[in-house]
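Count along the sequence shown from 1, add 19, and you get the number used in my numbering.
Working notes, structure below.
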Amino acid sequence: MSAKNETYKSSIHRFTLGEAVVSTIQDGAHIREPINPPFALDKSDEEIAQIAARNNLPSHGFESGYTPTIIRIGGQTVLFDTGFAPRGLDEAAGHLRRRLAHAGYAPEDIDIVAFTHCHPDHILGVMDGDKPTYPNARYVIGRKEFEAWSSGEGIPEQRAGTRDIFLKLIPPLTDRMTFLEDGDSVVSGLTAEAAFGHSPGHMMYRLESAGKSLLVWGDVTNHFVFSLQYPNSLVGYDDDKDMAIATRNRVLDMVATDGLLVSGFHMPFPSLGYVERTQDSYRWTPASYQTRM
Ligand SMILES: [Zn+2]
20 MSAKNETYKS SIHRFTLGEA VVSTIQDGAH IREPINPPFA LDKSDEEIAQ
70 IAARNNLPSH GFESGYTPTI IRIGGQTVLF DTGFAPRGLD EAAGHLRRRL
120 AHAGYAPEDI DIVAFTHCHP DHILGVMDGD KPTYPNARYV IGRKEFEAWS
170 SGEGIPEQRA GTRDIFLKLI PPLTDRMTFL EDGDSVVSGL TAEAAFGHSP
220 GHMMYRLESA GKSLLVWGDV TNHFVFSLQY PNSLVGYDDD KDMAIATRNR
270 VLDMVATDGL LVSGFHMPFP SLGYVERTQD SYRWTPASYQ TRM
């Protein structure tokens, strides 16, 4: 087996949860510098260095990973977010389609693409050139998210380029698209939940199967330390920063209280874990063998 294949194999994680089969697949990762921006906009370089040191992380930058989730339930295969485009951008990301096979899927097997929101790392991979990457898929998206990017209302100036990408990729798919409100069912066992702020109509998705649960929380937090241990800290990636902070606190409280398993798009691969309440905040606890027992 080549070293290349080893890399791909370590880029998928697959397990059974209740009667569902869950796979997380790494689309790629970029090393980004510095930390502020985008994270901890309200903290000094010294404070950031201290937080990094306490968590055994480098203080000059961070790894931004991109991990879509696939859930097979009730005969339907649902892909949550599409990562970057399968060709183009760079070598570091856009690998989702190629790595599907390692999780046992072909692009034709995807029945539903469910978007958490419309930032580029979540939607670019929906098209492969001028063809849909997942030829048999229909699409689900939060109604508020679709309307905000369509109209431009509430979209910050810095997201003008993101809106151009949205307008090119998403509106042409509307004849195969379902618009979701808070609490709507995607398929039996999968429910959409409003988590607005990171983007105007950001959605999460909850899987419930045979007494087991998983929350696909998208970008409720974008870094497992800087935005999770410091949920009130300002994050440059959040389109409505106050609303994102309120949502982050609400969801972290819920996940910690309920002991929910989370799949987080930007959490360190395999992007599965739990949220532990600490004295005055929260901590990300990566899942290890829990998902295999
Ligand atoms: Zn993202």
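Just so it is clear, CB atoms sit at the ideal spot from N, CA and C, and this is done for glycine as well.
Would residue i and residue j be called neighbours here (beta carbons separated by less than 8 Å)?
{"i": "Y85", "j": "G47", "result": "yes"}
{"i": "R116", "j": "V40", "result": "no"}
{"i": "R162", "j": "E212", "result": "no"}
{"i": "I89", "j": "I142", "result": "no"}
{"i": "V270", "j": "A306", "result": "no"}
{"i": "A112", "j": "F103", "result": "yes"}
{"i": "V235", "j": "M223", "result": "yes"}
{"i": "D258", "j": "P175", "result": "yes"}
{"i": "V159", "j": "I131", "result": "yes"}
{"i": "H221", "j": "E166", "result": "no"}
{"i": "P139", "j": "T101", "result": "no"}
{"i": "I31", "j": "I50", "result": "no"}
{"i": "L291", "j": "T310", "result": "yes"}
{"i": "S300", "j": "Y256", "result": "no"}
{"i": "N55", "j": "I67", "result": "yes"}
{"i": "F58", "j": "V239", "result": "no"}
{"i": "P126", "j": "T96", "result": "no"}
{"i": "G93", "j": "S207", "result": "yes"}
Which residues does DSSP pair with residue i in a beta bridge?
{"i": "D128", "result": "Bridge partners of D128: none, in fact."}
{"i": "F81", "result": "R51"}
{"i": "F34", "result": "V41"}
{"i": "V159", "result": "A133 and T197"}
{"i": "R91", "result": "V40 and T96"}
{"i": "K231", "result": "S228"}
{"i": "E212", "result": "M223"}
{"i": "M312", "result": "M312 pairs with nothing; no bridge assigned."}
{"i": "D183", "result": "In the DSSP output, where bridge partners are listed per residue, D183 has none listed."}
{"i": "G237", "result": "G283"}
{"i": "D140", "result": "Answer by DSSP bridge pairing: none, since D140 is not bridged."}
Count the other CB atoms within 10 Å of the CB of residue i; is the residue buried (16 or more) or exposed (fewer)?
{"i": "R296", "result": "exposed"}
{"i": "T266", "result": "buried"}
{"i": "H79", "result": "exposed"}
{"i": "G216", "result": "buried"}
{"i": "A263", "result": "buried"}
{"i": "L60", "result": "exposed"}
{"i": "Q69", "result": "exposed"}
{"i": "G144", "result": "buried"}
Check whether chain C comes within 8 Å of residue i, counting only Cβ atoms and requiring the distance to be less than that.
{"i": "V145", "result": "In the structure shown, chain C cannot be found, because there is only a single protein chain."}
Subject >> Secondary structure, beta strand (DSSP E): runs of 3+ residues fully inside the region 257-302 >> reply: Counting only runs that start and end inside the region 257-302, the beta strand (DSSP E) elements of at least 3 residues fall at 280-283 and 291-296.
Subject >> Residues near ligand 1, criterion Cβ-heavy atom distance below 6 Å >> reply: Qualifying residues come out as H138, D140, H141, D238, F284 and H285.
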